[in-house]
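**Q** One structure, as structure tokens, below. Some questions next.
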Amino acid sequence: MTSQTIPPKQHDPLGVDRGRRLCPRCGESDGVDEHSPLWPKDWRCNDCGFALEPGGDFVRLAPELDEVDDGFALDGFAQLAAIEDGHFWFTTRNALIAWLIRRYAPNAHRVLEIGCGTGFTMYALRDALPRATITASELHSRGLAYAHKRHPAGVEFVQMDARHIYLKSALDLIGAFDVLEHIADDHRVIEQINQALKPGGILIATVPQHPWLWSSADDLAHHQRRYRRGELAAKLRDRGLRVVYQTSFAALVLPLLAAVRLRGRQSPHDSRSLEMAETEARPLPIVNAALTSVFMVEHTIRRIGMPLPFGGSQVVVATKATGSLPNKTQHAVAGACLLPYKASHG
Ligand SMILES: [Zn+2]
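Take a look at the structure:
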């Protein structure tokens with residue numbers, strides 16, 4: 118009787134072939150080596166000879182859009198960078214992101230953040246995945262300059278349009294934190310995310326929730342929309358992703374948020390509404406400390422599994438279908454205890 122030896126599996130958390138990058142000009146693909154950058158600065162297409170435009174500390178995939186003031190005010194990066202550290206909203210959102218990564222993608226190796234802005238959410242990714250190979254992308258190199266200052270080593274930076282990611286089955290985890298609402302064609306971005314993920318790969322996305330909360334703060338932020346409850350999950354399913362978890366963020370402060378926003382809407386363009394948007398951006402230290410505590414209470418409620426159907430933002434975790442693998446295996450390769458998604462939470 119002979120016994121067949123099964124060779125040990127190589128370190129490849131999702132058990133799939135390496136991903137591909139696609140030439141922005143001709144669409145031909147080449148393989149991404151395990152530890153190489155997604156886009157080496159000297160990369161050149163073997164088929165058509167296309168070369169990337171260098172941008173100092175990063176490469177540019179969409180140089181023609183870099184300085185276009187479309188989905189984000191270009192002078193907004195300086196304002197963001199000045200307020201993020203210690204701000205209740207950004208610090209507690211980072212705690213949520215890190216928790217979701219540890220829960221749903223603890224073994225992610227290849228990670229891409231879309232719309233990294235000034236690099237503040239990158240702290241959460243690096244904290245949760247200290248050994249991962251992380252790439253941060255942003256349409257505007259002005260944002261990348263701040264992000265690079267915050268992360269001078271250990272992160273690859275790419276100037277990129279999220280509607281043209283030019284990757285196929287290359288990533289274990291994609292993060293898009295308050296990005297999709299800035300882009301008119303969010304369907305296109307979701308398609309690109311699905312293509313760029315490895316089978317079993319994970320998307321974590323946050324977006325503003327409830328169109329009735331629309332105010333001058335959304336205008337100032339260049340938002341295209343606030344998402345209806347369950348809208349993002351439906352759009353992800355439409356494009357072939359499987360939603361494994363969703364919840365609201367800024368749930369306990371919703372009445373306060375609604376009061377501030379609705380008051381501001383009565384006079385959407387006067388100095389008072391601008392002042393309100395400014396107050397949200399720069400709360401008094403005592404208010405900031407109180408709100409941080411409220412958000413941490415909310416986080417505890419979330420962690421024990423209580424549904425939070427309403428809130429200023431929604432968070433969705435979705436996975437790319439693994440094709441022939443049965444559901445049980447899909448859960449295993451995603452690397453964590455995936456909760457079954459309940460439509461009633463939408
Ligand atoms: Zn080419």
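Numbering (my numbering), first residue to last: 118 to 463. Don't be surprised by glycine CBs; every beta carbon is placed ideally from N, CA and C. Since we're looking at a predicted model, the values are computed, not measured.
Rounded to a whole number of angstroms, what is the C-alpha to C-alpha distance between G347 and D164?
**A** So the two alpha carbons sit approximately 43 Å from each other.
**Q** Which of the three DSSP states is assigned to P325 in this structure?
**A** strand
**Q** Quick one: what's Q276 bridged to in DSSP?
**A** R177 and E255
**Q** Within a Cβ cutoff of 6 Å, which residues of the same chain sit near F237, ignoring the five residues on either side of it in sequence?
**A** E201 and F207
**Q** What residues come near ligand 1, if near means a beta carbon less than 6 Å from any of its heavy atoms?
**A** Close to ligand 1, as judged by a C-beta nearer than 6 Å to any of its heavy atoms, are the residues C140, R142, C143, E145, C162, D164, C165 and F167, in chain order.
**Q** Helix, strand or coil for G193? Go by DSSP, reduced to three states.
**A** Note: G193 maps to helix in three-state DSSP.
**Q** Measure the alpha-carbon distance for L139 versus D278 and round it to whole angstroms.
**A** 14 Å
**Q** Closest to E170 by C-alpha separation, out of S258, P247 and Q363, would be which residue?
**A** S258
**Q** So, G136 versus K285, is the Cβ gap smaller than 8 Å?
**A** yes
**Q** Excluding the 5 residues preceding and the 5 following H226 in the sequence, name in chain order all residues of the same chain whose CB lies nearer than 7 Å to its CB.
**A** P130, A249, T250 and D289
**Q** Per DSSP, which residues does G144 bridge with? Please list them.
**A** Bridge partners of G144: none, in fact.
**Q** For the candidate residues T235, V433 and A301, whose alpha-carbon lies nearest to that of P269?
**A** T235
**Q** Ordered along the chain, which non-local residues of its own chain (more than five positions away) have a Cβ less than 6 Å from that of A398?
**A** I200
**Q** Measure the Cβ-Cβ separation of I300 and R356 and say whether it is below 8 Å.
**A** no
**Q** Assuming L213 is part of the alpha helix (DSSP H), what are its boundary residues?
**A** F205 to Y221
**Q** Is M413 near ligand 3, judged by its Cβ being under 7 Å from some heavy atom?
**A** Inclusion of ligand 3 in the displayed structure is not the case, the ligand content consisting of ligand 1 alone.
**Q** Give me, in chain order, the residues of the same chain whose beta-carbon lies closer than 6 Å to that of V272; leave out the 5 immediate sequence neighbours on both sides.
**A** Here the set comprises I251 and A253.
**Q** Is the beta carbon of P402 less than 8 Å from the beta carbon of L408?
**A** The answer is no: Cβ separation not under 8 Å.
**Q** Note the first and the last residue of the continuous beta strand (DSSP E) segment covering V434.
**A** S430 to K437
**Q** Mapping the DSSP letters down to three states, classify E308 as helix, strand or coil.
**A** helix
**Q** Run through DSSP, which three-state label would H340 get?
**A** coil
**Q** If we call anything under 8 Å between Cβ atoms a contact, is L217 one with I321?
**A** Yes; because the gap between Cβ atoms is below 8 Å, this pair is in contact.
**Q** Specify the secondary structure class of K352 as computed by DSSP and reduced to three states.
**A** helix
**Q** Rounded to whole angstroms, what is the Cα-Cα separation between Q363 and F194?
**A** 28 Å
**Q** Report all residues from its chain with a CB closer than 7 Å to the CB of A367; omit the five preceding and five following residues, and keep chain order.
**A** These residues qualify, in order along the chain: L374, G428, G429 and S430.
**Q** What are the start and end residues of the beta strand (DSSP E) that includes L408?
**A** Looking at the DSSP string, L408 is not in any beta strand (DSSP E); the run it does join, the alpha helix (DSSP H), is P402 to R420.
**Q** Run the CB neighbour count on D168, radius 10 Å, all protein chains shown included, and call it buried at 16 or more, exposed below.
**A** In the sequence as presented, Asp is not what sits at residue 168; that position holds Ala. Residue burial is scored here from C-beta neighbours: A168 has fewer than 16 other C-beta atoms within 10 angstroms and is therefore classed as exposed.
**Q** What residues match up with G292 in a beta bridge as DSSP calls it?
**A** E230 and I321.
**Q** Give a yes or no on whether the C-beta atoms belonging to L330 and R343 are separated by under 8 Å.
**A** yes
**Q** If you check the beta carbons only, do I319 and V404 fall under 8 Å apart?
**A** Cβ distance not < 8 Å, so I319 and V404 don't count as in contact.
**Q** When the Cα atoms are used, what is the spatial distance from E145 to A438?
**A** 24 Å
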